[in-house]
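Participant:
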Amino acid sequence: MEKKMNSIYEKLTTCLASVREKTDFVPETAIVLGSGLGDYAEQIKIETTIDYKDIKGFPTSTVPGHKGRFVFGYVDSVPVVIMQGRVHYYEGYPITDVVLPTRLMGMMGAKKLILTNAAGGLNTDFNPGDFMLISDHIATAIPSPLIGANIDELGERFPDMSEVYSRRMREIVKEKADKLGIKLREGVYVQLTGPQYETPAEVRMCKILGGDAVGMSTACEALAARHMGLEVCGISCITNLAAGLSDKKLNHKEVQETADRVAKQFTELITAVVRAV
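Laid out in structure tokens, this is it:
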């Protein structure tokens with residue numbers, strides 16, 4: 101009897117077929133752009149773009165500041181696919197839909213993934229506008245995207261997560277940041293569900309657990325990518341200090357404003373890293 105295709109994998113193959121009707125572009129590196137960082141995609145040599153809404157079965161982002169499309173093109177001679185806006189768990193999608201775009205970029209051919217986000221600083225040494233290279237993450241507050249029947253076509257049942265964020269890629273990021281004169285922090289990223297910002301007590305909890313920055317994305321994408329064997333690197337833009345660490349109230353506008361302020365440095369860094377990895 102023929103084995104029934106896993107419904108999550110079936111959805112992925114449907115999305116891939118929909119993309120392939122529009123482009124046969126094969127990326128080497130995939131990039132996910134977080135809040136306020138989406139303009140980077142406009143600065144590459146664009147071959148084609150596909151709106152998420154035009155991909156059959158694809159979840160669409162509803163967050164302000166997220167454009168909602170794939171951009172295919174080149175950073176110098178490197179073929180890349182860029183997600184201009186991501187899907188978040190707090191939008192009400194199952195976690196498998198949240199990581200569907202990441203898996204889809206791997207199925208398109210990408211071997212390396214650069215994840216970016218806007219995050220709240222837990223480490224009191226950090227300042228708004230700093231960049232933090234993600235050395236590791238804590239994702240126990242969200243469901244694992246690997247729960248359920250394993251998708252053997254993507255990876256093994258019990259994948260090793262001792263090095264989610266590639267040491268090789270991290271060294272390249274550090275070297276490029278140093279050359280560009282960009283101050284780079286390094287630390288542990290904590291993913292919570294959102295959409296509410298964390299309470300001061302939750303912030304204290306995250307600090308006790310060993311977190312340096314907190315946000316509402318990224319870790320689940322990194323998990324799904326590692327399951328597939330992609331090499332992963334993550335960079336957070338620290339847009340604010342988390343609740344209870346300063347007197348300021350948190351709001352999405354401030355997050356976008358800080359990200360906009362450092363966008364030029366971010367562009368330089370990502371471009372340098374894509375060329376080198």
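Residues in the sequence shown are numbered from 101 upward in steps of one, following this note's numbering. We treat Cβ as the ideally placed atom computed from N, Cα and C, and that holds for glycine. Model, not experiment: these values are computed from the prediction.
Can you find the residues in the same chain that come closer than 6 angstroms, C-beta to C-beta, to K353, ignoring five residues on each side of it along the sequence?
Facilitator: Once the five neighbours on either side are set aside, K353 has no close Cβ partner at all.
Participant: Kindly indicate which residue of G173, V362, T114 and Q291 has the alpha-carbon position closest to the one of K307.
Facilitator: Nearest option by C-alpha distance: Q291.
Participant: Would you kindly report the start and end of the unbroken alpha helix (DSSP H) that includes T160?
Facilitator: No alpha helix (DSSP H) holds T160; DSSP gives it neither H nor E.
Participant: Between the beta-carbon of P179 and the beta-carbon of E128, is there less than 8 angstroms?
Facilitator: Taking 8 angstroms as the Cβ cut-off, P179 and E128 qualify as a contacting pair.
Participant: Measure the C-alpha to C-alpha separation of A218 and A239 and round it to an integer number of angstroms.
Facilitator: Between A218 and A239, the C-alpha separation is close to 16 angstroms.
Participant: Could you check where the alpha helix (DSSP H) with D197 kicks off and where it finishes?
Facilitator: First-last of the alpha helix (DSSP H) with D197: I195 to V198.
Participant: Is it the case that the Cβ atoms of V175 and T371 are separated by a distance below 8 angstroms?
Facilitator: Taking 8 angstroms as the Cβ cut-off, V175 and T371 qualify as a contacting pair.
Participant: Let me know if N340 comes out buried or exposed under the rule of 16 or more other beta-carbons within 10 Å of its beta-carbon.
Facilitator: It is buried - the Cβ of N340 has at least 16 other Cβ atoms within 10 Å.
Participant: Thinking C-beta only, is L222 closer than 8 angstroms to I282?
Facilitator: No. Outside cutoff.
Participant: Locate the alpha helix (DSSP H) running through P300, then write down its first and last residues.
Facilitator: Per DSSP, P300 belongs to the alpha helix (DSSP H) from P300 to L309.
Participant: Do I242 and C337 have their CB atoms nearer than 8 angstroms?
Facilitator: Cβ distance not < 8 angstroms, so I242 and C337 don't count as in contact.
Participant: For Q291, which of helix, strand or coil comes out of DSSP?
Facilitator: Q291 falls in the strand class under three-state DSSP.
Participant: Between which two residues does the alpha helix (DSSP H) holding K276 run?
Facilitator: Where K276 is concerned, the enclosing alpha helix (DSSP H) stretches over R267 to L280.
Participant: Thinking just about the alpha-carbon of each residue, which of R257, P159, V273 and A249 is nearest to the one in R326?
Facilitator: Cα-wise, what sits closest to R326 is R257.
Participant: Thinking C-alpha only, which one of L284, V171 and G248 is nearest G185?
Facilitator: Among L284, V171 and G248, the Cα nearest to that of G185 belongs to V171.
Participant: Taking the C-alpha atoms as reference points, what is the distance between Y140 and P159?
Facilitator: Near 22 angstroms, if we compare the C-alpha coordinates of P159 and Y140.
Participant: Locate the beta strand (DSSP E) running through E253, then write down its first and last residues.
Facilitator: Looking at the DSSP string, E253 is not in any beta strand (DSSP E), and its letter there is neither H nor E.
Participant: Could you say which of P194, G255, I214 and M305 lies nearest to V273 if we only look at CA atoms?
Facilitator: Selected option, being the one with the closest Cα: I214.
Participant: Entirely within the stretch 319-353 and at least 4 residues each: give me those alpha helix (DSSP H) ranges in chain order.
Facilitator: Runs of the alpha helix (DSSP H) inside the stretch 319-353: 319-327.
Participant: Please classify D236: is it buried, with 16 or more other beta-carbons within 10 angstroms of its beta-carbon, or exposed?
Facilitator: Per the 10 Å Cβ criterion, buried.
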